[in-house]
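Residue numbers (the numbering used here), protein chains in the order written: chain A, 1157 to 1675; chain B, 71 to 452. Positions of the beta carbon are idealized from the N, C-alpha and C atoms, including for glycine.
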């Protein structure tokens, strides 16, 4: 191991933009309109009903000062360009080529209410990407309306509801079966759609047993929702039999491909027997996450489920594309319009650039990189792999535990996350709920980072593990090299102590006087 | 926050020399004869050293000598020593020390389940306790993970109380050691107390579920109560999980005993086996059960009032099980154990049962018989 690079974030102790500036300062000074223009517009160009009565409460600041302020703010973030082995998220580089494609006016300046005849280019890309995902999954039809993975899981629950209602069996098929290690959006969205949730615990092999599944499914089961590999990084080799058992009970089977990166191009949901699956374009397919959105959950299903898909669908009619709204059995909408189309275009650009061979290779690299990282992490005392008794190799990520180190030093995974930022590393991803292992963390090396990047990330982990023994207070009180000190999580429980807008801040803090600079 | 310390100097002595606990003077003598060295005092010192390092001068009231104060000397704490009558070398010392602590003091003890019972028994109303793990048996929910974890918890109570969560329902459990040495685990719930717990600080990234396990359990209990079949005798308890169903019916459960309900009415409180058999008559029976913490016993541990006859009548399909997801996750193995005293019945109960964990939420759990195997595994672990 080598010592991590020295790092210190910028710290600009300046007020928020609403508190900056001085009366009369302006970003732009516009000349008075030419007489001809003024005459054409008339004395009151804005209708009275649309005219605002008060001047907007905006900061009065020059363009240069505004630019400088936002540069400072950006300097105080980690910029999402560091080594971020953020498991379950499949962090990828969002290429400038894809950004360029999505920013072209043919896409950036169109509106979903335009006539489809004027949207043929966009519609053809959506259709082509649908075909690409069909090739990767074996499904018959994809829809991109869902605004993220959880929304795509909800799409499945909504499709299942419509499917069973259409057969007059919704009162009987009331249960959704999933694994305790599935993404939490599976039980959550099924519950939101009105299904009861039956969870299967992990057993000795690190995944739920087939017997548990057999005991759980019945004529009451509407749907089985599973990930594979799961967030432990363990691939369930009995998956084909799982699907057979689910379908033998009459249930629909849904493959949540949140962890597709480890198996891209190596298996197909259809071949395994699934009725439907979901891909996250904002992770696996290289579109940006953008801090919680906009994202896309691409939902695909067999022809049997297609009538229930949310409308509209992009369909090819001869040599033209149109939007098919006339779908009487549709489950309705899961989001407005056709989804986050710029993200679909970026994912399409990624898939076209990679090609089928490239996608397969990326998957293999991500598995190899994780296994390299896994071995090196195992050399750091105090860290423990989840289900350490299992010899089978992990796929593209591994759930780890700081349990032994926490017992020894009192330093846990939240402390580590805080301290990592002191080395310029994004705080790691711990685990979705529930925490099945104590003090979890879940690194995922992916195909992006070099061996050197992965090594430097591990160096930071090793360094903090050493600090936990030698100077635990430093870790417990981290971060120290960041513009803000440790954030006290409990304030998020009290809405009186945070505000999402300046107006809410003034209302909650009663700080009318601090609205300085407002015109 | 004021801290009190009482050390059970012989706690844990039995474990290292192959005895399954240290209850009673004969066992202590046997352990010492086998060469055991006392470890509770040094472990208490490890915990308080961490408090002293991060909060020098923190105020601690300790029992005298080897019962507490001796282990804190020179750490730089503001140490006050309790004035106690002459020591007897028995559990009475622990109880007197806890009773002498000022109101509002967190009673920190170094010991195992037996010590936890003594501390709980002497704890004033509204008092709280925290265990530094030193025993052979530690099935109670009042122990920190390690002496160091206990020390950090104490330091946080002084300087960062937001890092600490409290529960009013930490279980004080103990096992009959004579039975344990004979290879049987028989844990019993002796009471519920207030105890601090380290709280995983919420990180904003991706968000974490804010789940109220108590509310989830109450919701599951309400569903069960609403779905009760008419004319069926529901035998309920013991424990808070099963008791939540009695609460859902608007009654107070007997937490440490078994109640029975039929047609929404409480027909027996703290019932004995004979009462239950009589009430059941020839009618249908269902058993509403919780799960013992950590070991995961469903039947045959702490609920012997529910006899094999009644269990056989209910069958696996007649079991209505409640537990929080946290409790199921904390089990030593993903199994629920039964030991009804009738091996054939145990075998028939084997298979999967749906455990109600919240409103519209269930967890499939495997029921295993062969409690002997479980006992040997669990005692090896302790």
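Original post:
For the beta strand (DSSP E) that residue 426/B lies in, which residues bound it at each end?
Top reply: 421 to 428
**OP:** Classify residue 346/B as helix, strand or coil using the three-state DSSP reduction.
**Re:** Looking at residue 346/B - three-state DSSP - the assignment turns out to be helix.
**OP:** Could you tell me which uninterrupted alpha helix (DSSP H) segments, each at least 4 residues in length, are contained entirely in the stretch 1571 to 1596 of chain A, listed from first to last along the chain?
**Re:** none
**OP:** Could you check which residue in 144/B, 242/B and 193/B has the C-alpha nearest to that of residue 183/B?
**Re:** 242/B
Subject >> Spatial neighbours of residue 1370/A in its chain, beta-carbon cut-off 7 Å, leaving aside the 5 residues before and after >> reply: 1401
Original post:
If you check the beta carbons only, do residue 73/B and residue 151/B fall under 8 Å apart?
Top reply: no
Subject >> Candidates 1652/A, 1200/A, 1638/A and 1229/A: closest to residue 1170/A by CA position >> reply: 1229/A
Subject >> Distance, residue 1342/A Cα to residue 186/B Cα >> reply: Roughly 41 Å separates the two Cα atoms.
**OP:** Use the C-beta contact count for residue 1545/A: other C-beta atoms within 10 angstroms, 16 or more gives buried, fewer gives exposed.
**Re:** exposed
Subject >> Segment limits, alpha helix (DSSP H) that includes residue 1371/A >> reply: 1366 to 1372
Original post:
How would you call residue 397/B, buried or exposed, if buried means at least 16 neighbouring beta carbons within 10 angstroms?
Top reply: Per the 10 Å Cβ criterion, buried.
Original post:
Which value, in whole angstroms, describes the spacing of the CA atoms of residue 1278/A and residue 1263/A?
Top reply: 7 Å
Subject >> Segment limits, beta strand (DSSP E) that includes residue 1472/A >> reply: 1469 to 1473
Original post:
Nearest-angstrom Cα distance between residue 136/B and residue 154/B?
Top reply: 13 Å
Subject >> Paired residues, beta bridge with residue 148/B - DSSP >> reply: According to DSSP, residue 148/B bridges with 129/B.
**OP:** Compare the C-beta of residue 221/B with all C-beta atoms of chain A and state if any pair is closer than 8 Å.
**Re:** The Cβ of residue 221/B sits closer than 8 Å to at least one Cβ of chain A.
**OP:** Pull up the CB-CB distance for residue 1465/A and residue 1297/A, whole angstroms please, since I reckon it's below 8 Å.
**Re:** 7 Å
Original post:
From this set, 1362/A, 1158/A, 1179/A and 1320/A, which residue's C-alpha is nearest residue 1555/A's C-alpha?
Top reply: 1362/A
Original post:
If residue 1585/A and residue 1243/A are in contact, beta carbons under 8 Å, what's the gap, nearest whole angstrom?
Top reply: 5 Å
Subject >> Sequence ranges, alpha helix (DSSP H) only - wholly within the stretch 1219 to 1264 of chain A, length at least 4 >> reply: 1219 to 1231, 1252 to 1259 and 1261 to 1264
Original post:
With 8 Å set as the bound, which would you pick, yes or no: does the beta-carbon of residue 1372/A sit closer than that to a beta-carbon of chain B?
Top reply: yes
Original post:
Taking the alpha-carbon positions, what's the residue 337/B to residue 347/B distance?
Top reply: 13 Å
Original post:
Does the stretch 296 to 312 of chain B come within contact of the stretch 326 to 333 of chain B, defined as at least 3 CB pairs closer than 8 Å?
Top reply: yes
Original post:
Counting contacts by CB-CB distance shorter than 8 Å, is residue 1352/A in contact with chain B?
Top reply: yes
Subject >> Spatial distance of residue 1570/A from residue 1388/A (CA atoms) >> reply: 19 Å
Original post:
How should residue 1206/A be labelled, buried or exposed, when 16 other C-beta atoms within 10 angstroms of its C-beta is the threshold for buried?
Top reply: exposed
Original post:
How would you label residue 216/B, buried or exposed, when you count the other beta carbons within 10 angstroms and need 16 or more for buried?
Top reply: buried
Original post:
DSSP state of residue 303/B, grouped into three classes?
Top reply: strand
**OP:** Name, going along the chain, the residues of the stretch 414 to 432 of chain B whose beta-carbon falls closer than 8 Å to a beta-carbon of chain A.
**Re:** 421, 422, 424, 427, 430, 431 and 432
Original post:
For the stretch 1429 to 1447 of chain A, which residues have a CB atom closer than 9 Å to at least one CB atom of chain B, in sequence order?
Top reply: If the cut-off is 9 Å between Cβ atoms, the stretch 1429 to 1447 of chain A has nothing near chain B.
Subject >> Per-residue DSSP class, three states only, for residue 1490/A >> reply: coil
**OP:** Keeping to the same chain, check which residues put their C-beta closer than 7 Å to that of residue 1329/A; ignore five residues upstream and five downstream.
**Re:** 1320, 1376, 1377 and 1378
**OP:** Drop a sphere of 10 angstroms on the beta-carbon of residue 1245/A, count the other beta-carbons inside from all chains shown, and report buried for 16 or more, exposed for fewer.
**Re:** A buried status is given to residue 1245/A, since no fewer than 16 other beta-carbon atoms sit within 10 Å of its beta-carbon.
Original post:
What did DSSP end up calling residue 432/B once you bin it into helix, strand or coil?
Top reply: strand
**OP:** Along the beta strand (DSSP E) that carries residue 311/B, what are the first and last residues, could you check?
**Re:** Here residue 311/B belongs to no beta strand (DSSP E); instead the alpha helix (DSSP H) covers 310 to 318.
Subject >> Contacts around residue 1181/A, its chain only, beta-carbon distance under 6 Å, and the 5 residues preceding and following it disregarded >> reply: 1216, 1217 and 1218
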